[in-house]
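S.K.: So the sequences go chain by chain: U and Z.
Heads up, the final residue of the first sequence is numbered 115 in this note's numbering, and it's a clean run with no missing numbers.
Heads up, the final residue of the second sequence is numbered 698 in this note's numbering, and it's a clean run with no missing numbers.
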Amino acid sequence: MSRVKRVAVTSPQTRLAHSRRRAPGRWRVPTLEPADAERAARMYREQRRRALPAVALMFGLLLVLTIAFTVAPGLDSVRVLGIPLSWLLLVAVPYPVMALLARWQLRRAERVERE
Amino acid sequence: MAAILSVAPVVLMTLLIGLRGVAAMRTTSDFLVASRRVSPLLNSAAVSGEYLSAASFLGVSGLVVKDGVGALWYPVGFTAGYLAMLALVAAPMRRSGALTVPDFAEARLASPALRRIAAVVVLVIGTLYLVPQFRTAGLVLSAVGGTPYWVGVVIAGTAVSATLALGGMRAATYVQAFQFALKLVLFIVPAIWLLMQAGAENRHAALHPVEFTHFAHETTVSFEVAVTLEITAPTATRAPDGSVHVLPRGDLVMPGGRSLVFLPGTAVPGVRGDAPLGSSGWQRPLLDLDGAGYPLLGTWAVLLATMLGTMGLPHVLMRFHTSPDGRAARRTAAITVGLLGVFYLFPGIYGLLGRVLAPELYLSGATDTVVVALPSRVDGGWAGSLFTALLTAGAFAAFLATSLGLLLAVSGAIAHDLLRGGLRQLRLTVVLAAAVMVLLALPSTRLDAGVLVTWGFTVAASTFCPLLVLGIWWQKLTAAGAISGVLAGLLSSSGSIITALFEPPLDGWLAILVAQPAPWSVPLAFAIMIVVSLRGRPPSWSTAAMLRLHLDERPPRGPKPVHSTSPGHRSSTVRRIARRLNR
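(1) Can you check which of these residues, A321/Z, G357/Z, G261/Z, is closest to S337/Z by C-alpha distance?
(2) For a contact meaning CB atoms closer than 8 Å, what does S11/U contact in chain Z?
(3) Could you spell out where the alpha helix (DSSP H) holding D36/U opens and where it closes?
(4) Along the chain, where does the beta strand (DSSP E) containing D403/Z start, and where does it finish?
(5) With 8 Å as the C-beta to C-beta threshold (strictly closer), list the residues of the segment 92 to 104 of chain U near chain Z in chain order.
(6) What did DSSP end up calling T437/Z once you bin it into helix, strand or coil?
(7) So with Cβ pairs under 8 Å, would you call G622/Z a contact of chain U?
(8) Could you pull the start and end residues of the alpha helix (DSSP H) that V96/Z belongs to?
(9) If you draw a straight line from the C-alpha of L243/Z to the C-alpha of G283/Z, how long is it?
(10) Report all residues from its chain with a CB closer than 6 Å to the CB of R492/Z; omit the five preceding and five following residues, and keep chain order.
(11) Can you tell me which of F572/Z, L547/Z, I303/Z, A206/Z puts its alpha carbon nearest to the alpha carbon of G192/Z?
(12) Our contact map puts H531/Z next to T143/Z with C-beta atoms below 8 Å; I'd like the distance itself, whole angstroms only.
(13) I want to verify the contact list: residues of chain Z whose CB lies under 9 Å from the CB of E33/U, in sequence order.
(14) Report whether the distance from the Cβ of V125/Z to the nearest heavy atom of the ligand NAP is below 7 Å.
(15) Which residues mark the beginning and the end of the beta strand (DSSP E) in which E110/U is found?
(16) How would you list, in chain order, the residues of chain Z whose beta-carbon sits under 8 Å from the beta-carbon of A72/U?
(17) Rounding to the nearest angstrom, what Cα-Cα distance links Y197/Z and P12/U in this structure?
(18) Is there contact here, the segment 579 to 597 of chain Z with the segment 644 to 663 of chain Z, by at least three beta-carbon pairs under 8 Å?
(19) Is Y459/Z close to chain U, meaning its C-beta is less than 8 Å from at least one C-beta of that chain?
(20) What does T414/Z reach in chain U if we use C-beta pairs closer than 7 Å?
(21) Less than 8 Å between the CB atoms is what I'm expecting for V361/Z and T350/Z, so what's the real figure, rounded?
(22) Going by the CB atoms, is the gap between G164/Z and D483/Z shorter than 8 Å?
(23) So which residues of chain U does Q398/Z contact, with C-beta pairs closer than 9 Å?
(24) Check distances from the C-beta atoms of the segment 187 to 198 of chain Z to those of chain U and list, in chain order, the residues that come in under 7 Å.
(25) For G48/U, go through chain Z and note every residue whose CB falls closer than 7 Å to its CB, in chain order.
(26) Provide the residue(s) that pair with S305/Z in DSSP beta bridges, ordered along the chain.
(27) In its own chain, which residues sit with a C-beta less than 8 Å from the C-beta of R230/Z, not counting the 5 before and 5 after it?
(28) Under the DSSP definition of a beta bridge, which residues are partnered with I83/U?
(29) Any chance the segment 292 to 301 of chain Z sits against the segment 559 to 572 of chain Z, with 3 or more Cβ pairs inside 8 Å?
(30) For G272/Z, which three-state DSSP category applies?
(31) Give the C-beta separation of V184/Z and R399/Z to the nearest angstrom, bearing in mind that I take them to be a contact with Cβ-Cβ under 8 Å.
(32) Within the 8 Å Cβ cut-off, does V175/Z reach chain U?
(33) Is the beta carbon of P429/Z closer than 8 Å to that of F579/Z?
(34) Look at the alpha carbon of G453/Z and the alpha carbon of L201/Z, and state the distance between them as a whole number of angstroms.
(35) Got a sec: is the Cβ-Cβ distance from R111/U to anything in chain Z below 8 Å?
(36) Report the neighbours of T142/Z on chain U: residues whose CB is nearer than 7 Å to its CB, in chain order.
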């Protein structure tokens, strides 16, 4: 990070207190101001609506590939550039597709928050 | 000597970069989550660096040699876990403001008992995952450099605990991010070199695997651990003095630490308890575990354990807490999916070449070392030694980066969650925990690292995954439900895997579900959490506690960022004092 030399500006007593064992912090009842609560509830619904399809698509991708390999063993003997097609599908398909899915999901999740 | 030359720079660089991360450190937050100042790109490199452990750098290729192409499903599951994390966990968990997973559990459900149970689960997962890292460090160093096993273990333990005790999470972040770049280069460059050097014949053989039935040339097999060989035909071996000795038909128990030299053309013996190498199932792109005959179930059992386990690994979750806010945590997860995807394109190359060039590793059960064994098979000269050294360095970087994160998670669970200590206790715990892990790793040469890591993933998948997913997305979750679900997941998954270790006389799908319990233990944990929660009543603040996690950090309104001391942002104390001053 920055090359600026960092200097401790706490008092020695504060430093001492920080490093000492402390009593368990009291748990506080979580509260939300009405405006925040409303925004949070909207966020919750919107994000859930966007998260579920992404997870479903991911499971779908893995399900389609595994089932394809099971019902079509012929994929092993079809060769592309000498490599069995099923091996190629196993390595070259999931990673790019998952990276694209991640990008898609990230965009959608951030768009909700920008509003 | 070569081993020392390759490992010493990595260890030194780890310590130097770790020292660079040592900065003014005053609170547990500084120590455990690097004061939450880590940018998404740096953090995702650190997450990937931490995640690419011995299992990824060496293990996957070894599994390809041993079990077949289907083993390439493991890394797919590893990567998919981050996609699930991105969609379901990353941002809300960071917004909880917790430092550790037990912290999160307490913030959401207000139960000190749950906090302690979660801390114990962190310890279980951490131990199951750390011991294999240290063990593999010892094994690889002894395989490459001929040092005794304990040397590698002690070097790894010392380097990791020194870096952590001094620099905490900040040092770990820099080290892991650097080691990700290092591992990427040290994995990809040798892979390309191997492909070019292997020659057209070997490349063709790698793509057209045949069963390994006869030794093509004189082959030395060193047995690190005891193995029972099933000799099906009289087998000619060469004794150390050069005379030929024919092994009779029958079972031969090979004690650890011995070696056999097989003559060319002799039949390859079988290994008790393993399917013959390169039998027809080897090239199927599905995981037919133990030859049980249910490849689809076997593949999905592994996928579920790796995918959902990744979501619940405490050291990975801890890294997400170092992000400044929820949005950065989410970005971290998304970038990680891409970074891991690049790395995982390559283990298959080592696996396929290893199957052709070093199939006899399978006999001694040392397929884990195939990655570092390959360069010398391709080139006997200095280039082979150089690439062996580079790969050893990369493998050592893998152990160090993963152990750093795990040790921090374990120390956080002990000193922060169980004992409620401060900074000094944390530093002390790091050193003590490392010492205990080294002591545990010393006698565990014989353990199957794969089983331990699978165990860790399955426990994470059946405890923290349901806890996080339900805690974040379901307001009716109660503390009682969470506690019973976590306990059920921990006991059922561990119990099942321990049962499998005793090799019960089971076969078919039952054997798969006992050895890989994720397909039933994860739904069981979810179901118990839901049923117990529904039978109780969630407290009145439950909805607020859940919605709080979804409230985003609001972007600054208007053209200028709001100053942090403008009236609307002051705390009540500041407001009161300001009123008094303005009076």
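Even glycine gets a Cβ: it sits at the ideal position worked out from N, Cα and C.
Just so it is clear, the structure is predicted and the values come from calculations on it, not from any experiment.
M.R.: Reading off the structure:
(1) The residue you call residue 337/Z lines up with position 222 of the second sequence. Nearest of A321/Z, G357/Z, G261/Z to S337/Z, Cα basis: G261/Z.
(2) Residue 11/U sits at position 11 when you count from the first residue of the first sequence. Those do not exist, as S11/U stays about 11 Å from chain Z at its closest Cβ, beyond 8 Å.
(3) Residue numbering aside, residue 36/U sits at position 36 when the first sequence is read from its first letter. D36/U: member of the alpha helix (DSSP H) spanning 34 to 71, first to last residue.
(4) Position 288 of the second sequence holds residue 403/Z. Note, D403/Z: premise wrong, no beta strand (DSSP E); not H, not E.
(5) A92, P94, Y95, P96, M98, A99, L101, A102, R103
(6) Taking the first residue of the second sequence as position 1, residue 437/Z is located at position 322. Coil at T437/Z, not helix or strand.
(7) Residue 622/Z sits at position 507 when you count from the first residue of the second sequence. The amino acid at residue 622/Z is misidentified as Gly; the sequence shows Asp. False, the Cβ-Cβ gap to chain U never drops below 8 Å.
(8) Within the shown structure, residues of chain Z are numbered from 116 to 698, placing residue 96/Z beyond reach of any answer.
(9) Within the second sequence, residue 243/Z is the residue found at index 128, counting from 1. Within the second sequence, residue 283/Z is the residue found at index 168, counting from 1. So the alpha carbons of these two residues sit roughly 22 Å apart.
(10) Counted from its first residue, the second sequence places residue 492/Z at position 377. Taken in chain order, the residues that qualify are L472, A473.
(11) The residue labelled residue 192/Z in the question sits at position 77 within the second sequence. When only C-alpha atoms are compared, the closest one is F572/Z.
(12) Along the second sequence, one-based indexing puts residue 531/Z at 416. Along the second sequence, one-based indexing puts residue 143/Z at 28. Contact holds; Cβ gap of about 6 Å.
(13) In the first sequence, residue 33/U corresponds to position 33, counting from 1. Here the premise fails: no neighbours, minimum Cβ distance about 10 Å.
(14) Absence of the ligand NAP from the depicted structure is noted, as is the absence of any ligand whatsoever, leaving it without description.
(15) As a working mapping, residue 110/U is identified with position 110 in the first sequence. Not the beta strand (DSSP E): E110/U falls in the alpha helix (DSSP H), residues 94 to 114.
(16) As a working note, residue 72/U is residue 72 in the first sequence. Near A72/U there are no residues of chain Z at all, since even the closest Cβ is about 11 Å away, more than 8 Å.
(17) As a first step, residue 197/Z must be located in the second sequence, where it is residue number 82. As a first step, residue 12/U must be located in the first sequence, where it is residue number 12. The straight-line gap separating the alpha-carbon atoms of Y197/Z and P12/U is approximately 42 Å.
(18) yes
(19) Along the second sequence, one-based indexing puts residue 459/Z at 344. At least one chain U Cβ lies under 8 Å of Y459/Z.
(20) Residue numbering aside, residue 414/Z sits at position 299 when the second sequence is read from its first letter. Result: T66.
(21) Indexing the second sequence from 1 puts residue 361/Z at position 246. Indexing the second sequence from 1 puts residue 350/Z at position 235. Sure, about 7 Å apart at Cβ, within 8 Å.
(22) Indexing the second sequence from 1 puts residue 483/Z at position 368. Indexing the second sequence from 1 puts residue 164/Z at position 49. No, Cβ-Cβ distance for D483/Z and G164/Z is not below 8 Å.
(23) Residue numbering aside, residue 398/Z sits at position 283 when the second sequence is read from its first letter. What Q398/Z touches in chain U: D76, P84, S86, W87.
(24) From the segment 187 to 198 of chain Z, only L187, V191, T194, A195, L198 have a Cβ closer than 7 Å to chain U.
(25) Locating residue 48/U in the first sequence gives position 48, where the first residue counts as 1. The sequence given here places Arg at residue 48/U; Gly does not occur at that position. Within chain Z, the residues near R48/U are W588.
(26) Within the second sequence, residue 305/Z is the residue found at index 190, counting from 1. For clarity, residue 305/Z is Pro in the given sequence; the question names Ser instead. According to DSSP, which records beta bridges pairwise, P305/Z is partnered with nothing at all.
(27) Reading the second sequence from its first residue, position 115 is the one you call residue 230/Z. The answer, listed in chain order, is P217, D218, A220, E221, D532.
(28) Taking the first sequence and counting its residues from 1, the one referred to as residue 83/U is at position 83. I83/U is bridged to V80/U.
(29) no
(30) Reading the second sequence from its first residue, position 157 is the one you call residue 272/Z. In the structure shown, G272/Z sits in a helix (DSSP, three-state: H, G or I).
(31) Along the second sequence, one-based indexing puts residue 184/Z at 69. Along the second sequence, one-based indexing puts residue 399/Z at 284. Indeed, because the Cβ distance is near 7 Å, the residues count as touching under 8 Å.
(32) Numbered from 1 along the second sequence, position 60 holds the residue referred to as residue 175/Z. Not closer than 8 Å to any Cβ of chain U, the Cβ of V175/Z fails to qualify, so no.
(33) Here residue 579/Z corresponds to residue number 464 of the second sequence, with the count starting at 1. Here residue 429/Z corresponds to residue number 314 of the second sequence, with the count starting at 1. Contact: yes.
(34) Taking the second sequence and counting its residues from 1, one reaches residue 453/Z at position 338. Taking the second sequence and counting its residues from 1, one reaches residue 201/Z at position 86. Distance between the alpha carbons of G453/Z and L201/Z is about 12 Å.
(35) For the purposes of this step, residue 111/U is identified with residue 111 of the first sequence, where counting begins at 1. In terms of beta-carbon proximity, R111/U stays away from the interface with chain Z, with every pair separated by 8 Å or more.
(36) Position 27 of the second sequence, counted from the first residue, corresponds to residue 142/Z. The answer, in chain order, is H18.
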